[in-house]
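S.K.: Below is a structure I'd like to ask you about.
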Amino acid sequence: MDERPQKATIYAVAKRAGVSISTVSLAINHPQRVNEATRRSVIAAATELGYRGGAAASGAQRIAVAAPFSSYASYYRRLSGIMERAATDSVEIVVHDLPSAAGSDSPVLDALPMRAGIDGIVVMGVPLSPAALESKALPGPPVVLVDVPDGAQRRLGLPSVLIDDERGGELIARHLAELGHERVVFLHEPQRSEEYVSAGMLRARGLGHLLSVSEAVADVAATDLVEAVGAALERAFRVDPEATAVVANHDELAAAAHRAFRVTGAHLPVGRSLVGYDDGPLASALDLTTVRQPFEESGYAALDLLLGRLSGEHARVSSVQLAPDMVVRGTTFRV
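Structure below.
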């Protein structure tokens, strides 16, 4: 008699959880479409039975990459670094688009994307909720976080790749201070939840090491971003009329501010300066002073770290931190 244990199937998981196989599939592949109680039930059943999903038909390692791609173009640049690294090995990339964490009332990723046959997961720009961390009990692929500067999650043992955003804020502060600036407005999108530390919070913290910082919060979901940014800056300068520079959380907001000064009449005092963050083609086209983030390198490093975990190499490497660079162009001036 063959007494070898049988591989757990999706049918067995569905039976144990008391749901249909389509619900099991949704809970694993599209967790945001299943309510929390059902998702927890499916995860518990899968964990108990040791269900891991099917294997990749191609024989290649399959890596899921989850990020708010449709919210921030910068994640495509990180993805290009992942794709460059994937080209050197037999790796298939499966992409998941996520909502922006900044626009949600709580950290968004309640369960990890676990399509059948996924060997590893890279999560970029979105913190994990307790429910997602609990789902790590499911026997399955390792996870690497990118651009998730939340120390609590790193303490749980999830390896991470970060760009030093607080240092990026310090670089801007040092540059502006050398030009005589003392008070700046930090322009950013709303962050509804305080349950996690965002990159923008770290940038503002870095600015505050040398400068006085007030805030302008722009409704990035508005139909007219330029108008929304102009209104946010007008409010900020009424509160802090002595501010002489605007530092935007990313280059797209800086570009909107650049336009708002001309279209909506948003007032920036004489000696005005404008600084972005990221350094993509938009910054170059606007001659924008900004901070360059090594996006492609961060994606490359994340997949390299994940593949090292899968192969048993670099198992003790828990984090990689990359340094940003200041790029001085034509939008910063001496006061």
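According to this note's numbering, the sequence shown holds residues 131 to 465 in order.
Backbone N, C-alpha and C define an ideal beta-carbon position, used for all residues, glycine too.
May I have a chain-ordered list of the beta strand (DSSP E) segments no shorter than 3 residues that lie completely inside the region 374–439?
M.R.: 375–378, 403–405, 420–422
S.K.: I need the straight-line Cα distance from Val225 to Ala375, nearest angstrom please.
M.R.: 38 Å
S.K.: At a threshold of 6 Å, does Arg389 count as lining the ligand FMN (C-beta to nearest heavy atom)?
M.R.: The model on display carries no ligand, and the ligand FMN is accordingly not part of it.
S.K.: If you draw a straight line from the alpha carbon of Ala93 to that of Leu355, how long is it in whole angstroms?
M.R.: Since the first residue shown for the chain is 131 and the last is 465, residue 93 is missing from the structure and cannot be characterised.
S.K.: Per DSSP, Ala194 is paired with what?
M.R.: Val224, Ile251
S.K.: Between the Cα of Glu426 and those of Val149, Arg207, Met254, spot the shortest distance and give me the residue it belongs to.
M.R.: Arg207
S.K.: Straight-line CA distance for Val195 to Ser428?
M.R.: 13 Å
S.K.: Note down the Cα distance separating Asn379 from Ala147, rounded to an integer number of angstroms.
M.R.: 44 Å
S.K.: Using the three-state DSSP reduction, which class does Ala167 fall into: helix, strand or coil?
M.R.: helix
S.K.: Taking all protein chains shown into account, decide if Ala187 is buried (16 or more other Cβ within 10 angstroms of its Cβ) or exposed.
M.R.: Since pLDDT at Ala187 reaches only 41, below the 50 mark, its modelled position is unreliable, and no value is offered.
S.K.: Rounded to whole angstroms, what is the Cα-Cα separation between Tyr468 and Ser210?
M.R.: Residue 468 lies beyond the range of the chain shown here (131 to 465); nothing can be said about it.
S.K.: Find the nearest neighbour of Pro289 within the set Tyr181, Leu340, Val274, Gly298, judged by alpha-carbon distance.
M.R.: Val274
S.K.: How would you label Asp295, buried or exposed, when you count the other beta carbons within 10 angstroms and need 16 or more for buried?
M.R.: buried
S.K.: CA-CA distance, Arg365 and Glu357?
M.R.: So the alpha carbons of these two residues sit roughly 12 Å apart.
S.K.: Looking only at its own chain, which residues have a Cβ that is under 7 Å from the Cβ of Ala267, when we skip the five neighbours before and after it?
M.R.: Caution applies to Ala267, whose pLDDT of 45 falls short of 50 and renders its modelled position unreliable; the model cannot decide the point.
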